[in-house]
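First the structure, in the form of structure tokens, and then the observations on it.
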Ligand SMILES: [Mg+2]
């Protein structure tokens, strides 16, 4: 089970991701988390840097879609302002929100190996991707101090599982999780 919690890649932030590499690997659909991945919990709207990134990603030929576990109207408001299709209350790590995003919102134009999920949480984003057998990118949270209750709980679980992964898969841990696990901002 813990193998499904290991991301395919780790990057410090969404701005550091090698999008060309992803494209060359055949990825065409990017499913991204919202909170602490694109903006912190304190923010509500996309900033200029984020708009530039979105343009770059879409110009490269990716489809970019938001998949958030939050059911708050901030998701609707953000998605509208950012002009991006979205699934809210997606219940990651359950498969249904991810499946819905691929099948309905992205109209089923993609096979699983053309999809990547980006997020800041192992228990939801990365585990959800792993359960769906989809590639994943773990990013450092923008500002962990803004995490809300359920996320704080997930981070505790995450620390528990990180230790287990470190023990069982030390090479993968060192490659993909060490920097994330040891940077407690
Ligand atoms: Mg998040």
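Residue numbers (our numbering): 10 to 194.
Backbone N, C-alpha and C define an ideal beta-carbon position, used for all residues, glycine too.
Quiz prompt | Spatial distance of residue 164 from residue 180 (CA atoms) | solution = For the purposes of this step, residue 164 is taken as residue 155 along the chain shown, with counting starting at 1. For the purposes of this step, residue 180 is taken as residue 171 along the chain shown, with counting starting at 1. Spanning the two alpha carbons is a distance of roughly 22 Å.
Quiz item: To which residues does DSSP link residue 20 through a beta bridge?
Solution: By one-based count along the chain shown, residue 20 stands at place 11. According to the DSSP secondary-structure assignment, residue 20 is paired through a beta bridge with 148.
Exercise. Report the option in 125, 130, 191 whose CA atom is closest to the CA atom of residue 26.
Key: As a working note, residue 26 is residue 17 in the chain shown. Cα-wise, what sits closest to residue 26 is 125.
Practice problem: Could you check the C-alpha separation between residue 192 and residue 14 for me, to the nearest Å? | Solution: The residue labelled residue 192 in the question sits at position 183 within the chain shown. The residue labelled residue 14 in the question sits at position 5 within the chain shown. About 18 Å.
Quiz item: Which whole-angstrom value is the C-beta distance of residue 23 and residue 148, which I expect to be below 8 Å?
Solution: What you label residue 23 is simply residue 14 of the chain shown in a count that begins at 1. What you label residue 148 is simply residue 139 of the chain shown in a count that begins at 1. Rounded, the Cβ-Cβ distance is 6 Å, consistent with contact.
Quiz item: Which runs of the beta strand (DSSP E), 3 residues or longer, sit entirely within the segment 12-58?
Solution: With a minimum length of 3 residues, the continuous beta strand (DSSP E) runs that stay inside the segment 12-58 are 18-20, 38-41.
Quiz item: Should residue 56 go down as buried or exposed, given a rule of 16 or more other Cβ atoms within 10 Å for buried?
Solution: Within the chain shown, residue 56 is the residue found at index 47, counting from 1. Burial call: exposed.
Exercise. Would you please state the rounded distance, in angstroms, between the beta carbons of residue 16 and residue 135? I believe it to be under 8 Å.
Key: On the chain shown, position 7 is the one that residue 16 refers to. On the chain shown, position 126 is the one that residue 135 refers to. Correct: roughly 5 Å between the Cβ atoms.
Self-check item: Cβ contact check for the segment 144-162 and the segment 60-77: 3 or more pairs under 8 Å
Solution: In short, these stretches do not touch, since the Cβ pair count stays below three.
Practice problem: For my contact list, residue 188 and residue 132 are in at a C-beta cut-off of 8 Å; report their separation, rounded to the angstrom. | Solution: Working through the chain shown from its first residue, we reach residue 188 at position 179. Working through the chain shown from its first residue, we reach residue 132 at position 123. Not a contact, Cβ separation roughly 18 Å.
Exercise. Count the C-beta pairs between the segment 76-89 and the segment 35-43 that are closer than 8 Å, then say yes if the count reaches three, no if not.
Key: Yes, the segment 76-89 is in contact with the segment 35-43.
Quiz item: alpha helix (DSSP H) containing residue 166: first to last residue?
Solution: Your numbering for residue 166 matches position 157 in the chain shown. Residues 158-177.
Self-check item: Buried/exposed call for residue 120, threshold 16 Cβ in 10 Å
Solution: Residue 120 sits at position 111 when you count from the first residue of the chain shown. Note on residue 120: under 16 other CB atoms within 10 angstroms of its CB, so exposed under the neighbour-count rule.
Exercise. Compute the beta-carbon to beta-carbon distance between residue 79 and residue 97, rounded to the nearest angstrom, for a pair I have assumed lies under 8 Å.
Key: Counted from its first residue, the chain shown places residue 79 at position 70. Counted from its first residue, the chain shown places residue 97 at position 88. Their Cβ separation, rounded to whole angstroms, is 6 Å, which keeps residue 79 and residue 97 in contact under 8 Å.
Self-check item: First and last residue of the uninterrupted alpha helix (DSSP H) at residue 107
Solution: To locate residue 107, count along the chain shown from 1; it is residue 98. Element bounds for residue 107: 105-109.
Quiz item: Relative to ligand 1, is the shortest distance from any of its heavy atoms to the C-beta of residue 46 smaller than 6 Å?
Solution: For the purposes of this step, residue 46 is taken as residue 37 along the chain shown, with counting starting at 1. If you check the C-beta of residue 46 against ligand 1, you find a heavy atom less than 6 Å away.
Self-check item: Where residue 128 falls: helix, strand or coil (DSSP)
Solution: Residue 128 sits at position 119 when you count from the first residue of the chain shown. Of the three classes helix, strand and coil, the one that applies to residue 128 here is strand, per DSSP.
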